[in-house]
Structure formats: C-alpha cells, structure tokens
Amino acid sequence: MKKLFLIVFAFCSLGLFAQKEYDWKKMDPKQRKEIINKMSPEERKALLTEFRNKMITDQLNIDAEDKEEFTQLYNEYLDRQKTIKSQFNSDFNPETLSEDDAKVKLQQSFEVGQRLLDNRKEYADKMQKVIPCQKVLKLFQSEGMMRDKMNERKPHGSSKGSNPRQSP
163 MKKLFLIVFA
173 FCSLGLFAQK
183 EYDWKKMDPK
193 QRKEIINKMS
203 PEERKALLTE
213 FRNKMITDQL
223 NIDAEDKEEF
233 TQLYNEYLDR
243 QKTIKSQFNS
253 DFNPETLSED
263 DAKVKLQQSF
273 EVGQRLLDNR
283 KEYADKMQKV
293 IPCQKVLKLF
303 QSEGMMRDKM
313 NERKPHGSSK
323 GSNPRQSP
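First residue of the sequence shown? That's 163 in the working numbering, and the numbers climb one at a time after it.
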C-alpha cells in the first residue's frame, strides 16, 4: 500500500495530473494522502490509471488527436499482459519440486514468456498505426526502465521465508 501512495505522490509532486475536483499540484502530501485514503479501492485504481496514462502520453508527446486511441490500445495491452502473467503461478520453491515437476514449471514459464512476447509484438503493430515506430520503441524502453526501478525497490524474497520469488 505504501508503494501505491509513493507512486501517486510522485506523480502529483511532478505535476503530471490535475483531476477536475482536486488541484493535486497545489496540495501538500498530507492533503493528498487524506483524499486518497478516503477513496474506494476502485477510485484509487482509476486515479492511478489516469496518472499512468497522462504520464505516458506526455512522455511520448502523443498528439492530442491520437491520445484517446493510443490510451485505449495501451490499456488493452497492459490488461492482456497482466492476464497472461496471471496464468503462471510463481509462488513456489524450486528446491522442493521433483525433477519432473520442475521441468513442467520451466516449460510453463517459457510458454508464458512467449505469449507475453507475442502480445507485445501484436500491440506494437497496432500502436504503430496510431503513433510512429520510434514512439512505440520509446514506450517499451521506458516500460523496461520502470520495471527495473520497481524491482530495485522490491524486497528480495517472499513472505514465506527466504525463497526468492520466481517470475516467467
């Protein structure tokens, strides 16, 4: 939950979003936190989605007439990536798996990784019909940098002990 607030505060502090009802840029962190704490989980999720969309369209300098179509494609892409990732249960300890079970898990991770790559290619093609290829490349590059930043902040190991969390 702390990460959620930090992300929202970072976006607010940078002045990347100004919602109709609130002037996030002029609020101090305490005021923003109070407002966010009063929001339902759905409202917080919607707010973060709006922050993310505004940030990415600003970062890529998307033309006003293309923002809506690009944002829709980008959100579809992220939703599909999330769905694909959810098909792989990464909460396991490889040392406790039998050799056969480990082979199955390894194969599953390759299959999920391939589906993620296929989805990325599909949406790169779709996005290039709306924005130039250079901007699609910049999007994926910034996506990778953001993932790296988040991984730097993530504590290593899972809540079940010292077993590292596996990902496809």
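Here a beta-carbon is modelled for each residue, glycine too, at the ideal position from N, C-alpha and C.
Determine contact between the stretch 213 to 230 and the stretch 270 to 277, defined as no fewer than three beta-carbon pairs at a distance below 8 Å.
no
Mapping DSSP to helix, strand and coil, what is K291?
Reading the sequence shown from its first residue, position 129 is the one you call residue 291. DSSP places K291 in coil when its eight states are reduced to three.
Is P326 buried or exposed, if buried means 16 or more other CB atoms sit within 10 Å of its CB?
As a working note, residue 326 is residue 164 in the sequence shown. Only weak support is given to the placement of P326: the predicted model assigns it a pLDDT of 45, under 50, and the value that follows is read from those uncertain coordinates. Looking at its Cβ environment, which holds fewer than 16 other Cβ atoms inside 10 Å, P326 is exposed.
For I246, the three-state DSSP class (helix, strand or coil)
Within the sequence shown, residue 246 is the residue found at index 84, counting from 1. I246: helix per DSSP, three-state reduction.
Please list, in chain order, all residues of the same chain as V292 whose beta carbon is under 6 Å from its beta carbon, the five residues on each side excluded.
For this step, residue 292 is matched to residue 130 along the sequence shown. D228, E231 and F232.
For F412, report the span of its alpha helix (DSSP H) as first-last.
No information on residue 412 is available, as it lies outside the stretch 163 to 330 that the chain covers here.
For M308, does the three-state DSSP call read helix, strand or coil?
Translated into the one-based positions of the sequence shown, residue 308 becomes position 146. M308 falls in the helix class under three-state DSSP.
P191 lies in the alpha helix (DSSP H); which residues open and close that run?
As a position in the sequence shown, residue 191 is number 29, starting the count at 1. That run of the alpha helix (DSSP H) goes P191 to K200.
Using 8 Å for Cβ pairs, my map puts I117 next to Y239. What's the rounded Cβ distance?
There is no way to answer for residue 117, as the model of the chain reaches only from 163 to 330.
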